[in-house]
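Asks: The following block contains the structure, expressed as structure tokens.
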Amino acid sequence: MPLRLATWNINSVRLRAPIVLDLLSRHGPDILCLQETKSPVEKIPAEVFQAAGYTHMVARGQKGYNGVAILSRVPLEDAGHRDFCERGDARHVAARLEDGTLIHNFYVPAGGDEPDREKNIKFGHKLDFLSEMRDWFHGEAPKRSILVGDLNIAPREDDVWSHKALLKVVSHTPVEVEQLATVQDSGNWVDITRKDIPEGQLYSWWSYRAKDWDAADKGRRLDHIWATPDIASAAGASHIARDVRGWEKPSDHAPVFATFDL
DNA sequence: ATGGTTGTTCCACAA
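Here the first sequence stands for residues 1 to 262, numbered as in full-length UniProt numbering.
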């Protein structure tokens, strides 16, 4: 059975419930992982998604910031979460499918503006979060696992509109790119999007601040789908739905898709 | 070098 999976930083699930429904009806993923829901779990309009066939939800939330949720039309169970950096932030949740496949949904800290942990504690928090991910996966040796989310790092030169212009911009600095590589190595994670689309510019986020995001096209690939090697070969059909960035009242992120023949 | 936009909450802050 092919499993169609999507990840999308929704930037308020309550405000954007209508376009979540549009995405579900037009693209019909089996599982949709959301980040920046910005809502306590009990205030997520789960009944609206249930009515559309997405009868399962695993989520963590808090008031105003962060928040992650997994909506599914196939059965899955809550597989817990980890409180990275012990701040009580809702930035990770995991779910297990009936066949045992584990799905991690992450919202990595954005890291502020200044890429220097001495001057900017948010950047330090981002690096510490990534170190904890690395150490955790190093100990876990994940199997049959999928990791998705807004990792807030665009690792490759062709994951940003200008490598040179962004070398000192948080999300594409060498220290972050190296740190993300250590996370990837620690779990033997395969970048599924780039396995399927190895060549060319690829973005999943465009700032709200650009006056014409589509024409300027100053994007970054911040949203990722990874998998462990035992199921990476079963993955395909990767796609970033760029057009969604142009919908009514859009998120600044576009959803990323992949299919797994599990 | 600067300012540009959006969302939530409370009278800023985070992205």
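Every residue gets a Cβ at the ideal spot worked out from N, C-alpha and C, and that includes glycine.
1. Count the other C-beta atoms from every protein chain shown that fall within 10 angstroms of the C-beta of D83, then say buried if there are 16 or more, exposed otherwise.
2. Given a threshold of 16 other Cβ atoms within 10 Å of its Cβ, counted over all protein chains shown, does H163 qualify as buried or as exposed?
3. Excluding sequence positions up to five away, which residues of its chain have a Cβ less than 7 Å from the Cβ of P45?
4. Distance, Cα to Cα, I231 vs A90?
5. For a quick check, are the C-beta atoms of N105 and D252 less than 9 Å apart?
6. Which one or two residues does DSSP pair with D150 in a beta bridge?
7. Assign M1 to one of two classes, buried (16 or more other C-beta atoms within 10 Å of its C-beta) or exposed (fewer than that).
8. In angstroms, rounded to a whole number, what distance separates the CA positions of V93 and V58?
9. Roughly how many angstroms lie between the CA atoms of C33 and R117, to the nearest whole one?
10. Report the rounded CA-to-CA distance for A215 versus K249, giving the unit in angstroms.
11. Skipping 5 residues on each side, what residues in its chain have a beta carbon closer than 6 Å to that of R242?
12. Would you mind sorting H172 into buried or exposed? The rule is 16 or more other CB atoms within 10 Å of its CB.
13. If we ignore side chains and look at the alpha-carbon of each, how far apart do V108 and A235 end up?
14. Within its chain, find whatever has a CB closer than 6 Å to the CB of A6; leave out the 5 residues flanking it on each side and keep chain order.
15. Taking all protein chains shown into account, decide if D217 is buried (16 or more other Cβ within 10 angstroms of its Cβ) or exposed.
16. For E176 versus L130, is the C-beta spacing smaller than 9 Å?
17. Below 8 Å, can you find three or more Cβ-Cβ pairs linking the stretch 193-202 to the stretch 142-161?
18. Please report the distance separating the alpha-carbon of V41 from that of R60.
19. The alpha helix (DSSP H) spanning A52 covers which residue range?
20. Take P155 and list the residues in its own chain whose beta-carbon comes closer than 6 Å to its own, dropping the five residues that flank it on each side.
Replies: Inspection of the coordinates gives the following:
1. Along the first sequence, read from residue 1 onward, the residue named residue 83 stands at position 83. Exposed, because fewer than 16 other Cβ atoms sit within 10 Å of the Cβ of D83.
2. Counting from 1 along the first sequence, the entry for residue 163 is found at position 163. Looking at its Cβ environment, which holds fewer than 16 other Cβ atoms inside 10 Å, H163 is exposed.
3. Position 45 of the first sequence, counted from the first residue, corresponds to residue 45. So the list reads R14 and A17, once near-sequence residues are dropped.
4. Indexing the first sequence from 1 puts residue 231 at position 231. Indexing the first sequence from 1 puts residue 90 at position 90. So the two alpha carbons sit approximately 27 Å from each other.
5. Along the first sequence, read from residue 1 onward, the residue named residue 105 stands at position 105. Along the first sequence, read from residue 1 onward, the residue named residue 252 stands at position 252. Not in contact: N105 and D252 (Cβ atoms no closer than 9 Å).
6. The sequence position of residue 150 within the first sequence is 150, counting from 1. Per DSSP, Y107 and D223.
7. Counting from one through the first sequence, the residue named residue 1 turns up at place 1. That one is exposed.
8. As a first step, residue 93 must be located in the first sequence, where it is residue number 93. As a first step, residue 58 must be located in the first sequence, where it is residue number 58. Cα-Cα distance, rounded: 8 Å.
9. Position 33 of the first sequence, counted from the first residue, corresponds to residue 33. Position 117 of the first sequence, counted from the first residue, corresponds to residue 117. Answer to the nearest angstrom: the Cα atoms are 30 Å apart.
10. In the first sequence, counting from the first residue as 1, residue 215 sits at position 215. In the first sequence, counting from the first residue as 1, residue 249 sits at position 249. When rounded, the distance between both Cα atoms is 18 Å.
11. In the first sequence, counting from the first residue as 1, residue 242 sits at position 242. Only A254 meet the Cβ criterion.
12. Sequence index remark: in the first sequence, residue 172 carries index 172 (1-based). Classification for H172: buried.
13. The residue given as residue 108 occupies position 108 in the first sequence. The residue given as residue 235 occupies position 235 in the first sequence. Cα-Cα distance, rounded: 24 Å.
14. One-based indexing of the first sequence puts residue 6 at position 6. Taking A6 as the centre and dropping the five residues before and after it, the same chain places the C-beta of P29, L32, P255 and F257 closer than 6 Å to its C-beta, in chain order.
15. Indexing the first sequence from 1 puts residue 217 at position 217. So D217 ends up on the exposed side.
16. By 1-based counting over the first sequence, the position of residue 176 is 176. By 1-based counting over the first sequence, the position of residue 130 is 130. With a cutoff of 9 Å on beta-carbon distance, E176 and L130 are scored as near each other.
17. The stretch 193-202, when compared against the stretch 142-161, does touch it at the 8 Å Cβ threshold.
18. Here residue 41 refers to the residue found at position 41 when the first sequence is read from its first residue. Here residue 60 refers to the residue found at position 60 when the first sequence is read from its first residue. When rounded, the distance between both Cα atoms is 6 Å.
19. Sequence index remark: in the first sequence, residue 52 carries index 52 (1-based). Here A52 belongs to no alpha helix (DSSP H), and DSSP marks it neither H nor E.
20. Position 155 of the first sequence, counted from the first residue, corresponds to residue 155. Excluding five sequence positions before and after P155, the CB atoms of its chain that fall closer than 6 Å to its own CB belong to V177 and L180, given in chain order.
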